[in-house]
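First comes the structure, then the notes that go with it.
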DNA sequence: TTTT
DNA sequence: TTTT
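Protein chains in written order, with the working numbering: chain A, 1 to 110; chain B, 111 to 220; chain C, 221 to 330; chain D, 331 to 440.
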């Protein structure tokens, strides 16, 4: 009852090598950024590319697999879940961050 | 070539009545928050609900339609695009915000 | 590596009560038909509804859950996999059938 | 209100060069088959690949673009709509066929 | 064979 | 700030 309620699908390129973190409880986390490019023609008929950068993370065996297998520049398709976290920073400002938690991926090129 | 590269699908409830803004150029923008609820059993076998709050916006005729038709509490399915904007706030801190730009929706209940 | 390669999402109404079959090996299968309705305006500006009927099946605990919980007329969202089977019928004609194997569903109304 | 109610996403390889048909009213139709491969480990721990063959069609500018741009063997991601048609054949048997009407595609490799 |  |  999960991926029907909250599902993100992206096709794009890694902006960095994935960063793997190992925790004491043998859990693994991987983080990386992904760029998606949308191209369209503007009012003047010029071809324009608009890029979105997304924060992606993955846990467990998916994290290990991503860390071993993907690198900067690779093109991937991913399916994940949209999550938001918020906290108060050292200056007392409320901060927000959105992350896509990756459930599955396919390496396409690179 | 767009929704294959960047697509978000959510089923959830509006946390507020949509806020419509009218711009000088006759363009309309609507903003609202949407809660998606995921339920699962934790280690102790207890039923737990985890809620994510998402920022949604829509433009044009979609904005007008949402403003006229949806209200706080309604359950909807939406399809949209994941976008990130960043700016420097008055204290010089870099700030980020993620929004889902709604392309299409279905009202389910409420 | 599965739902990224082959994924169907439908929102529609059950045309029948689900039919549950129990196999000797304790496996369960459920079958039902689902109608999806698309409405649009034709050349004359008339509102037209076009209906597609889909064959859906599910296995295991999902089958049991569907058999217990859903009935004719209910509106559901489903996620599944597109499968094709073919065989030769009693007259020697090659026959085809497409089924959506349901992985997950949400009951919306009804 | 369309792709939320009926949406198919496939990543796979073309089994043939697309066949383009031109109609009198300047409309174009393209047909091709697409194989999706799912790999998993069976009871004996052996890696197994299961292939599904899908019938795909597209209309209009999408048809022309596919005919010009894709060929047998290419890997593509597609988004489309699941449609079913049925008719009575020359022997009086009721026949069914399922087609995915392509709305959008990305060429991945090949 | 569904639903609005 | 929603809903079950």
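All C-beta atoms in this analysis are idealised placements derived from N, C-alpha and C, irrespective of residue type, glycine included. Only a predicted model underlies this, so the values are computations on that prediction, with no experimental measurement involved.
Counting the other Cβ atoms within 10 Å of the Cβ of residue 362 of chain D gives 16 or more, which makes it buried.
Rounded to the nearest whole angstrom, the C-alpha separation of residue 148 of chain B and residue 326 of chain C is 12 Å. Listed in chain order, the beta strand (DSSP E) elements of length 3 or more contained wholly in the segment 6–45 of chain A are 6–14, 19–22 and 28–41.
Across the structure, residue 86 of chain A and residue 191 of chain B are spaced so that their CA atoms are roughly 21 Å apart. By the rule that beta-carbons nearer than 9 Å mark a contact, residue 201 of chain B touches chain A. A straight line joining the alpha-carbon of residue 67 of chain A with that of residue 16 of chain A spans about 11 Å. In terms of Cβ geometry, residue 6 of chain A and residue 76 of chain A do not form a close pair [threshold 9 Å].
Residue 288 of chain C is outside the set of residues whose beta carbon lies under 9 Å from a beta carbon in chain A.
Taking every protein chain shown into account, the CB of residue 9 of chain A has 16 or more other CB atoms within 10 angstroms, so this residue is buried.
Between residue 130 of chain B and residue 174 of chain B, the C-beta spacing is below 9 Å. Taking a beta-carbon distance threshold of 9 Å, residue 266 of chain C does not count as an interface residue toward chain B. Secondary structure of residue 288 of chain C (DSSP, three-state): helix. Residue nearest to residue 247 of chain C within the set C:309, C:328, C:275 and C:282 is C:282 (criterion: CA-CA distance). According to the DSSP assignment, residue 294 of chain C belongs to no beta strand (DSSP E), since it is labelled neither H nor E. Burial of residue 404 of chain D is indicated by the presence of at least 16 other C-beta atoms within 10 angstroms of its C-beta.
Taking each of C:323, C:280 and C:238 in turn and checking the Cα distance to residue 244 of chain C, the smallest one comes out for C:280. For the segment 15–39 of chain A, the set of residues with a beta-carbon nearer than 8 Å to any beta-carbon of chain B comprises 36, 37, 38 and 39, in chain order.
Counting only residues of its own chain and dropping the five nearest sequence neighbours on each side, residue 438 of chain D has a CB closer than 7 Å to the CB of 405, 406 and 407. Going by DSSP, residue 2 of chain A is part of no beta strand (DSSP E) at all; its letter is neither H nor E.
Residue contact check for residue 307 of chain C against chain D: no CB pair falls below 9 Å.
Within chain D, the residues 334 and 335 have their CB atoms less than 7 Å from the CB of residue 231 of chain C, given in chain order. DSSP places residue 201 of chain B outside any beta strand (DSSP E), giving it a letter other than H or E. In the DSSP assignment, residue 162 of chain B is bridged to B:146. Within chain C, the residues whose beta carbon sits less than 9 Å from that of residue 104 of chain A are 221, 222, 223 and 224, listed in sequence order. Listed in chain order, the non-local C-beta contacts of residue 214 of chain B below 6 Å within the same chain comprise 189, local neighbours out to five positions each way being set aside.
Residue 425 of chain D places its beta carbon less than 9 Å from that of residue 418 of chain D.
Contact check for residue 427 of chain D and residue 385 of chain D: beta-carbon distance about 7 Å, within the 8 Å limit, so the pair qualifies. Going by C-alpha positions, residue 231 of chain C is about 34 Å away from residue 377 of chain D. Look at residue 413 of chain D: its C-beta is under 9 Å from a C-beta on chain C.
Leaving aside the five residues that flank residue 270 of chain C on each side, the residues in its chain whose CB is nearer than 7 Å to its CB run, in chain order, 258. A distance below 6 Å between beta-carbons, with the five flanking residues on each side excluded, links residue 414 of chain D to the following residues of its chain, in chain order: 428. DSSP places residue 80 of chain A within a strand segment (E or B) once states are collapsed to three. For residue 188 of chain B, the nearest CB of chain D lies under 9 Å from its own CB, placing it at the interface with that chain. The beta carbon of residue 405 of chain D sits closer than 9 Å to some beta carbon of chain A.
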